Amino acid sequence: MGSLERVDSLDALLAKHHVDLTAREMLRELDAALTAVPAASDTLSAGEIEFLRTHAGEGVGEVLDQWSSVA
């Protein structure tokens with residue numbers, strides 16, 4: 001699916017739910033909101049990682065392993 005098709009699909013979804021924004025307006029607002037979120041500055045502690053491995057569900061170990069190798 002091309003980017004124009006995605007925008008059209010998002011416009012259709014917003015209209016279906018009576019959201020008074022275009023896809024482009026919504027994406028601009030989302031971009032502004034995400035820009036305000038500070039980047040993670042601390043790594044997870046060993047206890048936090050173990051808790052996530054135990055409680056976060058299937059596949060979390062692989063995600064944590066990939067994240068740890070990048071971080």
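In this text, residue positions in the sequence shown follow our numbering: the first is 1, and each later residue adds one.
Glycine included, every Cβ here is placed at the ideal spot set by N, Cα and C.
Source: prediction; values computed, not measured.
Assuming contact is defined by CB atoms lying nearer than 7 Å, are residue i and residue j in contact in what I supplied?
i	j	result
Leu21	Leu13	no
Ala23	Asp31	no
Nearest-angstrom Cα distance between residue i and residue j?
i	j	result
Gly61	Ser45	15 Å
Glu48	Ser3	38 Å
Thr35	Glu25	15 Å
His55	Pro38	26 Å
Gly59	Arg6	28 Å
Ser9	His18	14 Å
Runs of 4 residues minimum, wholly inside the stretch 39–65: which ones carry the alpha helix (DSSP H) assignment? If we require 4 residues or more, the alpha helix (DSSP H) runs fully inside the stretch 39–65 come out as 46–55.
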